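So the structure is just underneath, and the comments pick up after that.
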């Protein structure tokens with residue numbers, strides 16, 4: 012049988028070892044949770060960065076397609092009778108591509124960007140429609156072009172706010 016002081020020493024030593032192991036285990040658990048939270052935050056930031064890149068590409072594609080339609084509209088208005096038929100086909104094709112880009116922007120959102128994109132596409136479609144009718148005066152053409160540029164600026168403002176929203180990657 013151990014003397015009483017040796018028993019207490021053994022109990023205190025065992026208790027200290029248990030407490031130390033529990034404390035170390037607690038710190039290990041907290042560290043593991045923190046690492047998991049950090050990894051999850053990193054994954055979220057990567058998803059947000061990827062989604063922002065997809066949106067940016069969709070917005071740029073729409074702007075590029077709008078510029079193509081814009082160039083063809085200008086060419087159409089300045090063309091002579093022989094080139095009108097070819098330009099009309101090219102304008103129709105470019106307008107179809109612009110509408111396809113609009114669908115992607117509408118899917119990617121957000122809603123205020125999709126609405127601004129819709130107004131921009133509608134503006135180009137209205138001008139193309141009026142050009143085909145042949146009843147467009149120079150004043151109406153200039154007014155419509157200025158309005159289209161204003162709508163394009165609204166789209167750019169909406170896209171900038173959409174791309175700037177949310178947490179920034181580190």
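In our numbering, the protein residues as written are 12 to 181. Built from N, CA and C at the ideal position, the CB exists for glycine as well. The structure displayed is predicted, hence computed values, not measured ones.
| field | Beta-carbon contacts of residue 83 that lie in its chain and below 7 Å, excluding the five residues immediately before and after | value | Excluding residues within five positions, the ones whose Cβ falls inside 7 Å are 98, 101, 102 and 105.
| said: Using the three-state DSSP reduction, which class does residue 147 fall into: helix, strand or coil? | reply: Three-state DSSP puts residue 147 in coil, outside helix and strand.
| Under 9 Å between the Cβ atoms of residue 232 and residue 170? | Outside the displayed range of the chain (12 to 181) lies residue 232, so it cannot be described from this structure.
| said: On the CB-based measure, 16 or more other CB atoms within 10 Å of its CB, does residue 172 come out buried or exposed? | reply: Residue 172 is exposed by the Cβ-count criterion.
| message | Can you tell me where the alpha helix (DSSP H) holding residue 93 begins and where it ends? | response | Counting along the chain, the alpha helix (DSSP H) containing residue 93 begins and ends at 92-119.
| Are residue 66 and residue 119 close, meaning C-beta to C-beta below 9 Å? | Yes; because the gap between Cβ atoms is below 9 Å, this pair is in contact.
| request: Inspect the CB distances between the region 150-164 and the region 54-64 and report whether three or more fall short of 8 Å. | output: Contact between the region 150-164 and the region 54-64 is absent, because fewer than three Cβ pairs lie under 8 Å.
| query | Cβ atoms of residue 112 and residue 76: under 9 Å apart, would you say? | reply | Annotated as proximal: residue 76 and residue 112, with beta-carbon spacing under 9 Å.
| Of the residues 142, 157 and 41, which one's Cα is nearest the Cα of residue 131? | Nearest neighbour of residue 131 by Cα position, chosen from 142, 157 and 41, turns out to be 157.
| field | residue 20 (DSSP reduced to helix, strand or coil) | value | Assigned with DSSP and collapsed to three states, residue 20 falls in helix.
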